[in-house]
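In our numbering, the protein residues as written are 6 to 247.
Note that the Cβ used here is the ideal one computed from N, Cα and C, for glycine as well.
Quantities reported herein were computed from a predicted structural model and do not represent experimental measurements.
Okay, structure first, notes after.
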Ligand SMILES: Nc1ncnc2c1ncn2[C@@H]1O[C@H](COP(=O)(O)OP(=O)(O)OP(=O)(O)O)[C@@H](O)[C@H]1O
Ligand SMILES: [Mg+2]
């Protein structure tokens, strides 16, 4: 039996993070609930990756608390994280997924079918036996998504997963993300590609210089941004703190 659902809601309460003498995140209050994808947007250095690392439990806040389904135990239960550049094991695409399933506690007998299903889900069935490290960047990112989905996540954290991909590969990844969201996976994803945010987001969190400036439904964020900073960001202007 799988562990009961307990990674949501993800709650940041008064979270600050200092590192190297810098305040990287400041006083973040944020609740992430089940539903359509939440996109974390903001300029370079805003703190998006740091926020995702806290959400995964890879970093601990300096002040405040991060909780998952009411618990502050950061041991991942049903969450998975994807980074900008995936790191694959020196085995085939299928071998990488088999390894992930093994570590997710899936019995050996059940794994071949699960590997097949995951490869199908990300459109890589024909590449099952290819060495994963020889796949193209876009294919590796799709394989990384399959590997994350192997954990049957309730919460999927994606840090600019399409930043190095061409438009077609980007769309392929976005379709997998939307399909995962439609099947009930909560996606929390950093992006500074506004076109992508429009395509994926149900909700937007807008971060500037470590502060959460807006959390709003995507439509409201794009049509009626509340802050001067968000208005400037949407115009493509340089966004500076007040
Ligand atoms: N361990 C650290 N020590 C000192 N400074 C750090 C550390 N980690 C991150 N920073 C700084 O914190 C700020 C936020 O970094 P972060 O990577 O979270 O931003 P980001 O919004 O993901 O940026 P990008 O869009 O470029 O990916 C940056 O100025 C970064 O240099
Ligand atoms: Mg980043």
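| request: Answer yes or no: does any C-beta atom of chain C fall closer than 8 Å to that of residue 223? | output: As a matter of chain content, chain C is missing from the structure shown, which is built from one protein chain.
| message | Suppose contacts are defined by Cβ-Cβ distances below 8 Å. Is residue 87 in contact with residue 155 by that definition? | response | What you label residue 87 is simply residue 82 of the chain shown in a count that begins at 1. What you label residue 155 is simply residue 150 of the chain shown in a count that begins at 1. For residue 87 and residue 155, no; Cβs fall outside 8 Å.
| query | How many angstroms separate the CA atom of residue 72 from the CA atom of residue 176? | reply | Within the chain shown, the letter at position 67 stands for residue 72. Within the chain shown, the letter at position 171 stands for residue 176. Looking at the two C-alpha atoms, the distance is approximately 32 Å.
| task | Quick one: residues with CB closer than 7 Å to any heavy atom of ligand 2, in chain order, please. | result | Working through the chain, the matches are 53, 54, 164, 165 and 195.
| query | Would you say residue 169 touches ligand 1, meaning its beta carbon is less than 7 Å from a heavy atom? | reply | In the chain shown, the residue the question calls residue 169 occupies position 164. Distances from the CB of residue 169 to the heavy atoms of ligand 1 are all 7 Å or more.
| Best match in 182, 234 and 211 for proximity to residue 42 [C-alpha to C-alpha] | Translated into the one-based positions of the chain shown, residue 42 becomes position 37. Comparing alpha carbon positions, the residue from 182, 234 and 211 closest to residue 42 is 182.
| Which residue from 159, 125 and 168 puts its Cα closest to that of residue 148? | As a working note, residue 148 is residue 143 in the chain shown. Nearest option by C-alpha distance: 125.
| said: According to DSSP, simplified to helix, strand and coil, what is residue 202? | reply: Within the chain shown, the letter at position 197 stands for residue 202. DSSP, reduced to helix, strand and coil, places residue 202 within a helical segment of the structure shown.
| query | If you measure from the CB of residue 47, is any heavy atom of ligand 1 nearer than 7 Å? | reply | Within the chain shown, residue 47 is the residue found at index 42, counting from 1. Under cutoff, so the answer is yes.
| So residue 163 and residue 194 are in contact, right, with Cβ under 8 Å, and what is the actual spacing, rounded? | Here residue 163 refers to the residue found at position 158 of the chain shown. Here residue 194 refers to the residue found at position 189 of the chain shown. Contact annotation, residue 163 with residue 194: C-beta distance approximately 4 Å; criterion of less than 8 Å satisfied.
| query | Between the C-alpha atoms of residue 165 and residue 221, what's the straight-line distance to the nearest angstrom? | reply | Here residue 165 refers to the residue found at position 160 when the chain shown is read from its first residue. Here residue 221 refers to the residue found at position 216 when the chain shown is read from its first residue. A direct Cα-Cα distance of roughly 20 Å separates residue 165 from residue 221.
| message | Can you tell me whether residue 101 is buried or exposed? The criterion is at least 16 other CB atoms within 10 Å of its CB, across all chains shown. | response | Walking along the chain shown from the start, residue 101 turns up at place 96. With 16 or more other Cβ atoms within 10 Å, it is buried.
| task | Measuring alpha carbon to alpha carbon, tell me which of 215, 225 and 99 ends up nearest residue 33. | result | Locating residue 33 in the chain shown gives position 28, counting from the first residue. Checked all of 215, 225 and 99; the closest Cα to residue 33 is 215.
| message | Please give me, in chain order, every unbroken run of the beta strand (DSSP E) with length at least 3 that falls completely inside the stretch 80–159. | response | With a minimum length of 3 residues, the continuous beta strand (DSSP E) runs that stay inside the stretch 80–159 are 84–87.
| Just the Cα atoms here: how many angstroms apart are residue 196 and residue 202? | By 1-based counting over the chain shown, the position of residue 196 is 191. By 1-based counting over the chain shown, the position of residue 202 is 197. Here the alpha carbon of residue 196 sits roughly 7 Å from the alpha carbon of residue 202.
| field | the stretch 63–78 in contact with the stretch 224–236 per 3-pair CB rule at 8 Å | value | No, the stretch 63–78 does not touch the stretch 224–236.
| request: Consider the C-beta atom of residue 1 and the heavy atoms of ligand 1; say whether any pair is separated by less than 7 Å. | output: Not covered by the structure: residue 1. The range shown for the chain is 6 to 247.
| task | Count the other CB atoms, across all protein chains shown, that sit within 10 Å of the CB of residue 80; report buried if there are 16 or more and exposed otherwise. | result | Start at 1 with the first residue of the chain shown, and residue 80 comes out as number 75. Exposed is the call here.
| Quick one: what's residue 35 bridged to in DSSP? | Position 30 of the chain shown holds residue 35. The partner list for residue 35 (beta bridge, DSSP) reads 17.
| Does ligand 1 have even one heavy atom less than 7 Å from the beta-carbon of residue 186? | As a working note, residue 186 is residue 181 in the chain shown. In this structure, the C-beta of residue 186 stays at least 7 Å away from each heavy atom of ligand 1.
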